[in-house]
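Quick notes on the structure that follows.
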Amino acid sequence: MKKLWDLFTSVKLAVVLLALGAWLVFAGTWAQTQEGLYLAQERWFKSLWVIRHAGDGWWVLPFFPGGYTIGTLFLVNIICAHTRRFERPPGGMVALLTHYGLVFIALWFVTTFLLWNPLWLFLGYAVLMVADLTIWQKGSGKKVGVDAVHLGIITLLVGQLGTDLLSVETHMSFAEGESRNYSEHHHDSELVFIHDDADGRDKVVTIHQSLLGTGRVLVDPNLPFTVRLTQSAKNASIIERKQAIEDLGTLRGALATMDGKYSSPDMLAAEAKKVFEEGGKIQVWRAALGAVGEKADIDPVPAVTRIASDPAKAAKLLAELKTRFRTEMIDAFKNRQSADAAYAAETLEAGRDITDTQPAAAGDKGAAQRFFLVPRPDALTMDERNLPGAVIELAANGATLGTWIVSPMLKEQKFEFGGKEWRFGIRSERFYHPFHVTLLKTTHEKYDGTETPKDFRSTVHLAATNAAENRDRVEISMNSPLRYSGLTFFQHQMGREAANTSRGTSTLQIVRNPGWFTPYYGCALVGYGMARHFLMHMLMFTRRRKQS
Amino acid sequence: MKSRIPLIVTVLFTLMVGMKLMPPKNKADAFPTLEFGKLPIIQSGRTQPMDSLARNSLLQLRGKQTLNTEPWKGTFDKPKIISAVDWMLEVMMDPATADTRPAFRIDHPDVKGLLGVPMTADEKLLSDGKHYTWNQILPRFDALQQETQRAFRVKDKLRDSYQKALVDLWKAIRSYKSLKVTLGPAAGGDLTKGLEADLAMMKKAREAFEAQMDGRPGDNTALAWFSERQDENVALVIPPTALTNGKDEWTRSINAVLAVDRGAPPNFALAHYAKMAAAFKAKDAPAFTTAVTDYSAALKSTGLADKRIRKASNEQWFNFTELFYQGMIVAVSAFIFALAVWFAPARMEWARLTALRLTVLTVVIIFGGLLFRIIHEGRPPVTNLYSSALFIALGASVFGIVIEFMWPRGIGTAVASLMAFGCLMVAHFLALDGDTLIMLQAVLDTNFWLSTHVVIVTLGYASTFVAGILGIFYILNGVFTKNITPEMNKAFYGAGFAILCFAMLFSFVGTVLGGIWADQSWGRFWGWDAKENGALLIVIWNALILHARLGGLVKERGFMNLAVAGNCITAWSWFGTNLLGIGLHSYGFKEGAFNWLMGFIAVNLVLIGIGSTPKESWRSFAKAASN
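Residue numbers (our numbering), protein chains in the order written: chain A, 6 to 553; chain B, 312 to 938.
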């Protein structure tokens, strides 16, 4: 026990934790190149430990403590160390507590009330510092600085944990003139069933994506039917069968033409010449030449002519060219913007086929007749998001109503049940607010004669549903958000409507973060504490120099 | 006598810099192009002189601000070298000659192969194997275009060196073509003829456009002709004659043609530029001077361009002072004097003082240069990677000088001058990218955060580097010399600790202010973005050093080794995170920079290796340890 106490109160532990923290931050940054920002954050910083998987980069050790572990140990270490090193002050506890109380509370007040006036904020801190150091000269509170720093670190760590757990980021997209009373989640989606109520308003039943597991049967008192998930994927492509069959045909045709082209060694030299002179896939040629053991020169023609006269080598070169061009073509198909083309290319690679019956139809109703679902790995980068997909079978009173396919890529589908029309589909998870925001105007200024953005600005009208608030012409721009009812509205993106380019569109990011103030106070504590500590040392240093 | 050396040397260097501050003059025998270089235009969204346009274009083409017209000649054969403006005048007004100038630098052998240009230096072919003329590129332009289109389809981080070379060359070509069309109908020297031709082309382009809209085949060359003149890269040279919506809107020459097409008289600038072009073609220097002077007067008389004229003229002067280059020379001289001190500390007080004065001169120069940029841009000192290097040079040398005053042993000046020189060098290489006064994206357009977060975090870099360089000097002196006497030891350790405390403070406050800025503009305090993490790493590392010292885990030597490791971390944070090409701060990706960064880190690691040898093998401590 004593040993454990020694360990947790030691500076050594702090140094070890700092070293571990440094490596975690370094490796976690490298990991973003492979895993993407979002996943890397979850795996490295918002986790208890990190374990190496196959295919990880050099920066991943077999086992490493995650952000939460290191952070917690830090907290324990700081608190234990301070408890152990606490000394009864010479001036008595009352003087000490008064001094500490003065500094920490005054810091809180200065930070809270002067936050938006940098000059006054700075002056406030300066006045506090002078008072603090004057009292120190009189004999109490030698450790205020260090204690403030560590209290600040605690505030920051706890605050970050709170933000991780409590904050919700959503966004609100609209075009000029449009109004919204809801915002949408960045990553999460929901399955919704909607029907018109008697009073003419939509009744919405939502099911969060986390509940959409394959094989589950969902029952909701507000739904007169059950929902069985015959297939479900966190991220999926929706493939249009007809288009995919057509794309597969196109790709096969192109490959056949290419195969024909590279079937005889007679054409090699002529083709190489053409490629070199008119510009073609010279790199493919060079790589293929390299593979058959020819030095890939700037001008490939002499090398190709040499090879063409040697049947064995020529055959090898032809084979190399074929495989390489085949890969190029298949890759080109995969990189097309169309999911259908990508699927066709994958199917071809896997040696499978797409027909009217293969893969089997997902369901018998609505879009399921034309589309089927292909699960995909999780999206990695910041600008991609998971598009969940599912095949659902609806049933009531033991009888099936049919099987549908749902995805955010598909429009809302409809069906009749119990004399009502139900609409349903997957969409981004919505958060309804007790206010309406109307986009009045978007401003998108650019520097003279360039496309470099100079100013993004949305002018909005904000009206609370209960009429308690009615703000007109609120400006939200980069670096100047709007704060209202515990939410902060940031200017996120800006664009033009595709159908009518004279109409501006805007996306606001809306964040609810109850702990938003903790970093401000934490930083004030640490910054103040450090400045105070170093100033105190400097005063002592100069005094000592003067004396000697 | 020795006591006079510091003063004499400092005066000499001050004179050297002072000479450069004189406004530039035309050489007696050369074409009077300085006045032309002063003319204001708008490019990349900002007012600048023709001189800057010429320099930045040439930088993009060949990585230098001058043009060697006979690169196949050795340095001692006196090849003819012309200034950027001289070259640009040719491109704009006498393109036939410009097309024969070896202005394009091409290094990649496959690109040379593609273009079929001489691969190696060959005096008979008038080629140095690196620089090529437009006429050499033109025959295989279609092939180049095809290959480049393919390269553009690859995401920029995934491009191989061949594809990158293609893309770079393509951008250079785009710049070159843009310069050629900048003056529009005035370029030929005869405005009436020029306008006639342009209006005819415009008509064709209009027809082609309508045809395209109707789905009929149109005249693509006419459309290309038009879009080439509308390119974002083409400078705005046509001044306004009246305010539009309260703004003085400058336009490209093609807009002036459009205005004529709509029935307005040609903008006055066109006629002046045409006169300049005619004089230039006729090699008539006096007529050229008159044309430029007339245009300046006409521009002034509109009353709408005073500010831009002044700005352009100031910037041209600043371009000619080459202030940061001067700073580099002074800094390296200061460093040499500072090193001399260490060979015989007792007898070299004069060298120490000389070094100190020169370092102060360096600070004055860098400060002056930064001050010009601040006033010129109306921005805080650090706005991009380039200016961060300048600011680190300034911050680090000030810290070094303060250390010198507190511990007058020649340590502070050595650190200061080396840091100033190194960072100015880094800035010099960063400047090869082109315009260093580039406008800021919307999210960065906030002087408040630029002057707090960016400045303080940059000071954090500077002070951490100062601690690290101190560490290097300590290790080198300790291991290889007997310089580290107990007294020196105390000075080094004291200075190292003091600067590290500041480093801790600056890097923490700077990092946190960055978080608050992010909270203000994106709604999250901390997003684990690469650059944020880099800054956090510096904070963690500095905290680690201070705690290791506090806990008695390290003494002087360990402390210094950790401080040297701080160099690696700071360098990574400064450049490496940009090189990863991820996150919000991934601006300024440079291929060569990666190798330099790795080299710098490797050197520091070797030094740590040396510094980790046991105390007995340190010459300074050998006797003490064996006792």
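The C-beta atom is built at its ideal place from N, Cα and C for all residues, glycine as well.
Interface residues of chain B around residue i at Cβ under 7 Å?
i: Asp453 of chain A; result: Ile353, Gly356, Leu547 and Trp561
In this structure, does DSSP put residue i in helix, strand or coil?
i: Asp122 of chain A; result: According to the sequence shown, residue 122 of chain A is Asn rather than Asp. Note: Asn122 of chain A maps to coil in three-state DSSP.
i: His739 of chain B; result: helix
i: Lys475 of chain A; result: As written in the sequence, residue 475 of chain A is Asn, which differs from the Lys given in the question. If DSSP states are grouped into helix, strand and coil, Asn475 of chain A belongs with the strands.
i: Tyr772 of chain B; result: helix
i: Val396 of chain A; result: strand
i: Tyr452 of chain A; result: coil
i: Val209 of chain A; result: strand
i: Val20 of chain A; result: helix
i: Ser15 of chain A; result: coil
i: Val224 of chain A; result: coil
i: Gly500 of chain A; result: strand
i: His87 of chain A; result: helix
i: Phe803 of chain B; result: helix
i: Gln363 of chain A; result: coil
Determine the chain A residues that contact residue i at a beta-carbon separation under 7 Å, and present them in chain order.
i: Ala854 of chain B; result: Leu23
i: Ala859 of chain B; result: Val20
i: Leu864 of chain B; result: Lys17 and Val20
i: Leu848 of chain B; result: Ala27, Val30 and Phe31
i: Ile851 of chain B; result: Leu23, Gly26, Ala27 and Val30
i: Thr613 of chain B; result: The premise fails here: Thr613 of chain B is roughly 17 Å from chain A at the closest Cβ pair, so nothing lies under 7 Å.
In the DSSP assignment, find the alpha helix (DSSP H) that holds residue i and state where it starts and stops.
i: Leu547 of chain B; result: Where Leu547 of chain B is concerned, there is no enclosing alpha helix (DSSP H), given that its DSSP letter is neither H nor E.
i: Met272 of chain A; result: Note, Met272 of chain A: premise wrong, no alpha helix (DSSP H); not H, not E.
i: Trp445 of chain B; result: Trp445 to Ile448
i: Met524 of chain B; result: Leu502 to Met524
i: Trp653 of chain B; result: Leu634 to Phe654
i: Asn566 of chain B; result: Ser564 to Asp572
i: Arg464 of chain B; result: Phe452 to Arg464
In chain A, what lies closer than 9 Å to residue i by C-beta?
i: Ser818 of chain B; result: Within chain A, no residue comes near Ser818 of chain B; the closest Cβ sits about 10 Å away, beyond 9 Å.
i: Asp433 of chain B; result: Chain A residues near Asp433 of chain B: none, gap ~16 Å exceeds 9 Å.
Can you name, in chain order, every residue of its own chain whose Cβ lies under 7 Å from the Cβ of residue i, other than the five neighbours on each side?
i: Trp554 of chain A; result: Outside the shown range of chain A (6 to 553) lies residue 554 of chain A, about which nothing can therefore be said.
i: Ala567 of chain B; result: Gly495, Ile549, Pro577, Asn578 and Leu581
i: Leu705 of chain B; result: Val674, Ile677, Phe678 and Leu681
i: Leu477 of chain B; result: Val422, Glu458, Thr459 and Ala462
i: Ala86 of chain A; result: Thr14
In terms of residue numbering, what span does the beta strand (DSSP E) encompassing residue i cover?
i: Asn379 of chain B; result: Thr377 to Asn379
i: Ile392 of chain B; result: Ile392 to Ser394
i: Thr231 of chain A; result: Thr231 to Ala238
i: Asn186 of chain A; result: Ser184 to Asp201
Might you give, ordered along the chain, the residues of its own chain that have their beta carbon closer than 6 Å to the beta carbon of residue i, omitting 5 neighbours on each side?
i: Leu895 of chain B; result: Low per-residue confidence applies at Leu895 of chain B: pLDDT is 45, beneath 50, and the placement is therefore not dependable enough to give any value.
i: Met263 of chain A; result: Phe330
i: Asn915 of chain B; result: Val875, Asn878 and Cys879
i: Gly26 of chain A; result: Ile75
i: Ile795 of chain B; result: Asn788, Gly789 and Ser931
i: Val765 of chain B; result: Val693
i: Ser178 of chain A; result: Thr512
Leaving out five residues before and five after residue i in sequence, what residues of the same chain have Cβ atoms less than 8 Å from its Cβ?
i: Lys339 of chain A; result: Ala346, Ala347, Ala350 and Glu351
i: Asn630 of chain B; result: Pro360, Asp362, Ser363 and Arg366
Which chain B residues sit within Cβ distance under 9 Å of residue i?
i: Gly33 of chain A; result: Trp839 and Asn844
i: Tyr489 of chain A; result: Those within 9 Å of Tyr489 of chain A in chain B number zero; the least Cβ separation is about 13 Å.
Could you name the residues of chain B that residue i contacts, counting a contact when the two beta carbons are closer than 8 Å?
i: Cys85 of chain A; result: Within 8 Å Cβ-Cβ: nothing; Cys85 of chain A doesn't reach chain B, min ~14 Å.
According to DSSP, which residues form a beta bridge with residue i?
i: Arg488 of chain A; result: A:Thr493
i: Arg462 of chain A; result: A:Thr448 and A:Ser482
i: Arg432 of chain A; result: A:Glu195
Just the chain A side, please: which residues come within less than 8 Å of residue i by C-beta, in chain order?
i: Gln752 of chain B; result: Thr457 and Pro458
Is residue i close to the ligand GTP? I mean its beta-carbon at under 7 Å from any heavy atom of the ligand.
i: Val422 of chain B; result: The ligand GTP is absent from the structure shown, which contains no ligands of any kind.
For the segment 756-769 of chain B, enumerate the residues whose C-beta is nearer than 8 Å to any C-beta of chain D, in chain order. The structure shown contains no chain D; its protein chains are A and B.
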